[in-house]
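Enquirer:
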Amino acid sequence: LGVINWVTRTSRPEMTAPFSMLASCLHKWDGDCDQQLQRLIGYLVRTKGYRLRLNKVDSDKGRLVVYTDANWGAVGSRAGFIIGLAGEDGRLVSPMAWFSKKIDLTPDSTAGGEWIGLVSGAKAAYAMEEMFWNGSGPI
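When you read off a place in the sequence shown, starting at 1, and then add 120, the result is the number in the working numbering.
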């Protein structure tokens, strides 16, 4: 699982949620976890030609954007985000960070789950902005 984690964190944002769900099986591995692992490995094999594409963004025209999402269920709610640079049209052109995890709290509604996802994405975006930008624009 360590190699899949590395691939997920460095170059395959679309695998973040499935890997996170699989990693939650580590404390109690069963046949369902075996099936999840086989599906994930099969997906990796079928999509081995996929590449993370980073596009150039002019520093005076680009901006940092955050997309968040969450699902809601009584148990096992998940939240995630992707942060990147967007071009003039607002479309994400260069992903920089992504994350998915099980929500520690149990939200009372779909909106509650989305709010938890939004807060985690906003915190990460703020930290990224502080790291890469100073008061006069991008470093």
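We put the CB at the ideal spot given by N, CA and C, even for glycine.
Determine the extent of the beta strand (DSSP E) in which V185 is found, giving its start and end residues.
Expert: 183 to 191
Enquirer: Would the beta-carbon of L164 fall within 8 Å of that of L142?
Expert: no
Enquirer: Looking at C-beta atoms only, is the number of pairs between the stretch 169 to 189 and the stretch 146 to 156 that lie closer than 8 Å three or more?
Expert: no
Enquirer: Which of helix, strand or coil does DSSP assign to S131?
Expert: coil
Enquirer: Among all the DSSP beta bridges, which residues are the ones paired with K222?
Expert: R198
Enquirer: Classify L146: buried if its beta carbon has 16 or more other beta carbons within 10 angstroms, exposed otherwise.
Expert: exposed
Enquirer: What did DSSP end up calling W214 once you bin it into helix, strand or coil?
Expert: According to the sequence displayed, residue 214 carries Ser and not Trp. S214: strand per DSSP, three-state reduction.
Enquirer: Could you tell me which uninterrupted alpha helix (DSSP H) segments, each at least 4 residues in length, are contained entirely in the stretch 134 to 180, listed from first to last along the chain?
Expert: 136 to 143, 151 to 166
Enquirer: Do T136 and T130 have their beta-carbon atoms positioned less than 8 Å apart in this structure?
Expert: Not a contact, by the Cβ cut-off of 8 Å.
Enquirer: Would you tell me roughly how many angstroms separate the C-alpha atoms of I236 and G169, rounded to the nearest one?
Expert: The straight-line gap from Cα to Cα measures roughly 34 Å.
Enquirer: Work out the CA separation of G233 and R132 for me, nearest whole Å.
Expert: 24 Å
Enquirer: Is it the case that the Cβ atoms of K181 and E208 are separated by a distance below 8 Å?
Expert: yes
Enquirer: Hey, out of K222, V123, T188, D150, whose CA is closest to L212's CA?
Expert: T188
Enquirer: Tell me whether the beta-carbon of S140 lies closer than 8 Å to the beta-carbon of S220.
Expert: Contact: yes.
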